[in-house]
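Note that the protein sequences, when read in sequence, are chains X and S. Residues 1 to 722 in the working numbering are what the first sequence spells out, letter by letter. Residues 723 to 1232 in the working numbering are what the second sequence spells out, letter by letter. Cβ coordinates follow ideal geometry from the N, Cα and C atoms, glycine included. Worksheet: one structure, shown below.
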Amino acid sequence: MDYTIWTIAPIVLLPFFAFVINAFIVKKFTKLAVAISCAAILGSFGFATRIFSDFVFGKYAEDYHIHKVFNWFDLSYGSQIFKLDMGIYIDNMSAVMLFMVTGVASLIHIFSTYYMAEDKRFGRFFVYMSLFTSAMLGLVLSDNLLSVFIFWELMGFCSYSLIGFYYEKEGAGNASMKAFMTTRVGDVFFLLGILAIWSVVGNVTFVDIYRAISDGSFNSLYALGIPLATFAGFSIFMGTIGKSAQFPLQVWLPDAMFGPTPCSALIHAATMVAAGVYLSLRMYPLMEIGHLTTMIAYIGGITAFGAATIALVQTDIKAVLAYSTISQLGYMVLGVGVGSYNAAFMHLITHAVFKACLFLSAGSVIHSLHDHHTHEHVQEMPRMGGLRHKMPFTFWAMMFCTLAIAGVPFFSGFVSKDRILGDALLMALANKTYIVPMVLGFGGALLTAFYMFRMMFLTFFGEPRDKDLYDHTKKEKFSLNRNFPLLLLSVFTLGVFFSGSLTGQGFIKVASEKRYEWFKVLITKPKVEKFASYERQPWGHTDIKSNFQLSEAKYDYNYGLSAKEAHHIHHWHLIGALISIFIAFSGIFIAYMMYIKKAWNPGWWVSMFTRWYRALQNRYYFDDFYIGGLIKKGLLPFNNLLAFIDMGLYDRYAIDGWEKVNRAFYTVSGWFDNIFVDTIAVDGTGASVRLFNVVLRMIQSGKIQLYFMIIVFTLVGFIWTL
Amino acid sequence: MHGSSHLLNWILWMPFIGVLGNLLIPGSKKNAIRYWSLINTAITFILTLVLYKNFDTSVAGMQEAYNFSIPWIKQFNIFYTVGVDGISLPMIILTGLLFFLCILSSWTVEKSVKGYFSLFLFLQASVFGVFLSLDFFLFYVFWEVMLIPMFFLIGIWGGENKEYAAVKFFLYTFFGSILMLVGMVALYYAKGKGVDAFNILALSGGQFTDLKLSMFGSEFSFDKLFFVFMFIGFAIKVPVFPFHTWLPHAHVQAPTAVSVILAGVLLKMGTYGFLRIAYPIFPSASVYFADAIAWLGLVNVIYGAFCAMAQTDVKKLVAYSSVSHMGFVMLGLAAMTTQGMNGAVLQMFNHGTSTAMMFLLIGILYERSHHRYIVRPDGSKGFGGLYTQLPKFSIVFIIAMFASMGLPGLSGFISEALIFLGIYERYTTITVLALIGLLLGAAYLLWMFKRMFFGDVIEECKSYTDMNAREIAYMLPLCVAVIVFGIYPAPILNMMKASVGSLVKLLGTY
């Protein structure tokens, strides 16, 4: 069967409709709502599996893709053309992503039915989970940056809701707001990048961006004095920094642990944080022509190492995992920066699997540890210990994942991380500026092995430190919704599923045919040249897969390199692998000496480096700087000042001041009117008449004597004047 | 120019029928007055939907079938001319919808019910008059008449400082109107006092571009001078910085429904004035002043957002957020590109729905709390734990809040994205700065939400009851509108795109 819309769209639509339905029925029919959510994600897993198996096992050509477009809205009028198209774009990378996201999300859904069952907002949790998953799947299927942005923000909203899930807690409010606002900083840049690309390309479809890059449309264009490719690439990479919690916007992720643990697994392993790296991989050609790879490598290296150092001192089991997530994301970004495209993506996938499993295992541990005094679940490692006897399944699942993340050979983390580090080593040899990120990468690997095993030892080994808590903990019995997801995920921490050979270095091959190294063959940097003359396909067009099948003979086992180059690379990867193996085992050894043998005292390190210890505990003072400094000392006083100027000064004096001016005018004019016009002119006229009147009345008194006197005086006067 | 239909007359005069009906009902029969007003606005809203259904989206100009014109004051060539095109139609539908919902939300008004509802319907008629008039004089009359019901609605049914706010609102708007009046008379004489001297369509098209005007012994460019006059008149209504300070006072003092109408509809009259009068009549001056409009829009966006963040009164916060959001409309208008202008008109509609939701919700809350402090003057919490106490209310509030801050999937996003796409090509710097507004927009809303809704329920909030059926009934249509037009904006964009496109084309020739 070939692809039409109805075999692709359900991947997104099933969870979305589950969300819509559940939003209305969740109150009354909680169980049904949960069932609908789980069924929907399993259904979309089915559809995704089909695509995955077609792309990976169906011998699709390495550069094949499906692209279908429909019109969202059209503002064209006459000669002014403005259309906004949305579409579906699937290539090998999205096919792998789809399979991973749906698979991991399904398992998380199943686990949540165990973890959240006693929660009073059991159903509501699944409402958000469905929306979240569908947003992530929509992002993966997107064919353009704008729809990536839309789903990206929707995930931001879902993570806001999930982090603030326990809204009775004041802290949940702070954490959710912090997560949303911090990622929003990156998102705003991302939007700016979209605008910048739009101004060159005319839309933001991936294929058109690739075409524009291959045409050289970005050359000699500037925005605000910066080369446009750099400007746009940097802005988009800022989106990655925000969403994937890279330095310096990493602050939100540890706080995000306020949410229920399964949602941590979803947000911090399989979906949201991976979306950031996915975006920078998609936009890799732009980063390349924008000369941003060095910066990206530095960001990745700093994040990978810095977060690992903070993880050293955490005592909360989820906090350790949170910082390890940041650190591992740093490795992915480092991989992008050193041009290790394939390995960066592979690490995204392997990390999604083992980190989801780690979070779920942590959830399983936390859920079992119930403090009878405070009625809260315990997350603090100092109160654990010896738990491997109580919960063997969880222990083994977590152990496998820890081996994977620590970079022990045969496990997936080793395969992917080691290839990133190998490429970093190669880059450092070729270009000295890459030495720092390379060293940070290797250093971080040491720390990772150490803190992960520290966590394992503190949690599962040794004597129980809180005897009361330990005794009240029930022994784990195998239950399907609790242990099945954990164990299934832990199986996939084996490197062989990803590399085709046990180590990824080609030492021990389980399959003779190199095409079993499906990951290496299928995931390649986007070749922008092939989009030079590209034609879109509208909806309804059916993809005929036989047209695009590539005969096996055409596979290029050296990935476009000459035999000599390939040998050189292989050589240095080998050295890199040996170094990482050594580093991983040293980290484990140190942890073993400190926490099992107790031969080395961690307290000694604390007292030796007190200042560093405090800095680590305070997360290098980033929160103090952002919240205490920038926001509390900068933004809020500035707001208050502006608000005061607005109402207290501008409105009061410049606007209401006119009333005073007016009053002055009307006082003067009133006075003028009163005194001059009214009193003097008008009343004066009256008064003068009255005066005349009085005089006349006095004269016309009717007394004959007076008349006689007047006559006499007049005569006298008359004579006098003569 | 008579069309075949009297529909516009019906829409315009239906609220007056409502007023007359109210006057005939004895004041003691409060419910009769309420139901009569509700039925009246419902009919009006249905009429606007009929208009939408029969609207021909391919026509850029006025819809021939609905044009209606008869002489009013023959001696001065003043006509009663009404018509509808793609720019006014979204506003007419918005007006119909919001007044209908506001009647429902005003159900709890007890103080002289008869006067309140009569004035409210009177207000609706005058708003329709503004959006439907094609005769400048008629437009002006409705523009001014609108002040009368507003003045009394704020001055009588307002909060503790209502007289001050009412007078301020009145005088401020009146000041702008006078400038507009001068411009109108100048146009009348420039057009030679002929039969079409007040006809907005006849005045449009840029015929005054080269006209000069002698005044005070020097020569002025006619169109630039009177564009500025018109600009100030409309800018006060929008409100554009620095003419914005009446807005927080009016909003805070006005009763809920009046705030909704003020933010949802009346502010749009200002930007509608640009689209209907200032831009088409003075296109060259509009292009000339585009930079200034863009910068003022930017100031609106940023300044409004900063001021909003400092507010401790919820209603004032939302009032300032209106200042910020209307700044986006101004940016879209300044862009003068297809995307930008369409985005601006869409933003006018979307801001109408989302901000109406915010004000309605605050009204609902106020009916329970009788105060609006996020933080009281003494520093204690005004609200706390509302999420736990009022779950339904909280969900609606979240929808309104995220729509207001432009979350994708809700209506605000598409209009803001279009505006940004429109303005980026012309003003990159302004775009970069305006994006800060997006960031701040999320910040003040989320901060407010966090302070009011998260945490433990504080003592005085424990008596609050969740939304009742009537309240849900009038919030629901807005929720639906915000979500549906966020996912599928084409219905609104289709009706406006031809009209907006022809305006963009006109501006493009200068």
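| Item | Value |
| --- | --- |
| Please identify, using Cβ separations under 8 angstroms, the residues of the stretch 1143–1156 of chain S that lie next to chain X, in order along the chain. | L1143, Y1146, E1147, T1150, T1151, T1153 and V1154 |
| So for X:A223, helix, strand or coil by DSSP? | strand |
| Using a Cβ-Cβ cut-off of 8 angstroms (strictly less than) and excluding sequence neighbours within five positions of X:V273, which residues of its own chain qualify? | K243, S244, A245, L253, I267, T325 and L329 |
| If you check the beta carbons only, do X:M240 and X:G276 fall under 7 angstroms apart? | Note that residue 240 of chain X is Thr in the sequence shown here, rather than Met. For X:T240 and X:G276, yes; Cβs fall inside 7 angstroms. |
| Using only CA atoms, which one of X:D371, X:H373 and X:L358 lies nearest to X:M402? | For the record, residue 402 of chain X in the displayed sequence is Thr; it is not Met. Nearest of X:D371, X:H373 and X:L358 to X:T402, Cα basis: X:L358. |
| Which value, in whole angstroms, describes the spacing of the CA atoms of X:G648 and S:R1098? | 19 angstroms |
| Quick one: what does DSSP say S:I792 is sitting in, helix, strand or coil? | strand |
| Determine the chain S residues that contact X:Y167 at a beta-carbon separation under 9 angstroms, and present them in chain order. | G1107, Y1109, T1110, S1116, F1175, F1176 and G1177 |
| Residues of chain S with CB closer than 7 angstroms to the CB of X:Q617, please, in chain order. | Ordered by position in chain S, no residue passes the 7 angstroms Cβ test against X:Q617, which lies about 26 angstroms from the chain. |
| X:D316 CB to nearest chain S CB: under 7 angstroms? | no |
| With a threshold of 7 angstroms between beta carbons, is X:K243 in contact with chain S? | no |
| Where does S:F971 fall in DSSP's three states? | Here residue 971 of chain S turns out to be His, not Phe, going by the sequence shown. Helix at S:H971. |
| Spell out the partners DSSP gives S:L935 in its beta bridges. | S:F942 |
| Using C-beta distances below 6 angstroms, list every residue in its chain close to X:F73, excluding the 5 sequence neighbours before and after it, in chain order. | L84 |
| Indicate the three-state DSSP secondary structure (helix, strand or coil) for X:V277 in the structure shown. | helix |
| Would you kindly report the start and end of the unbroken beta strand (DSSP E) that includes X:H291? | No beta strand (DSSP E) contains X:H291, which DSSP labels as neither H nor E. |
| Could you spell out the range, first to last residue, of the alpha helix (DSSP H) harbouring X:V188? | E170 to V201 |
| Please check if any C-beta of chain X sits within less than 7 angstroms of the C-beta of S:Q785. | no |
| Would a check of beta-carbon distances place S:Q1069 closer than 7 angstroms to chain X? | no |
| Per DSSP, which residues does X:S142 bridge with? Please list them. | X:I88 |
| Using only alpha-carbon positions, find the residue among S:V980, S:M1079 and S:F1119 that is nearest to S:L1200. | S:M1079 |
| I want to know whether the stretch 953–971 of chain S touches the stretch 1013–1026 of chain S - three or more CB-CB distances under 8 angstroms. | yes |
| Taking only beta-carbon atoms, is X:G173 less than 7 angstroms away from chain S? | yes |
| Would you kindly check if the distance between the Cβ of S:G1134 and the Cβ of S:A1125 is under 7 angstroms? | yes |
| Which residues, in chain order, does the stretch 1050–1084 of chain S contribute to contact with chain X at a C-beta distance below 7 angstroms? | T1060, Q1061 and N1064 |
| Who are the near neighbours of X:F706 in its chain, counting only those whose CB is closer than 8 angstroms to its CB and skipping five residues on each side? | According to the sequence displayed, residue 706 of chain X carries Leu and not Phe. Contacts found: I699. |
| What three-state label does DSSP hand S:L1055 in the structure shown? | helix |
| Roughly how many angstroms lie between the CA atoms of S:F1071 and S:L969, to the nearest whole one? | 19 angstroms |
| Can you look up S:Q846 in the DSSP assignment and give me helix, strand or coil? | helix |
| Please report the distance separating the alpha-carbon of S:T993 from that of S:F1004. | 15 angstroms |
| In its own chain, which residues sit with a C-beta less than 7 angstroms from the C-beta of X:Q505, not counting the 5 before and 5 after it? | Because X:Q505 sits at a pLDDT of 47, beneath the cut-off of 50, its placement in the model cannot be relied upon, and the following sentence gives the value as read from the coordinates. Result list for X:Q505: H573, L574 and A577, in chain order. |
| Alpha carbon to alpha carbon, what distance is there between X:I583 and X:A428? | 19 angstroms |
| Are the CB atoms of S:S926 and S:P1002 within a distance shorter than 7 angstroms? | yes |
| Looking at chain X, which residues of the stretch 1007–1033 of chain S have a Cβ within less than 8 angstroms of any of its Cβ atoms? | Y1025, F1028, C1029, M1031, A1032 and Q1033 |
| Beta-carbon of X:L154 versus every beta-carbon of chain S: anything under 7 angstroms? | yes |
| From S:K1037 to S:S1091, what does the alpha carbon distance come to, in whole angstroms? | 13 angstroms |
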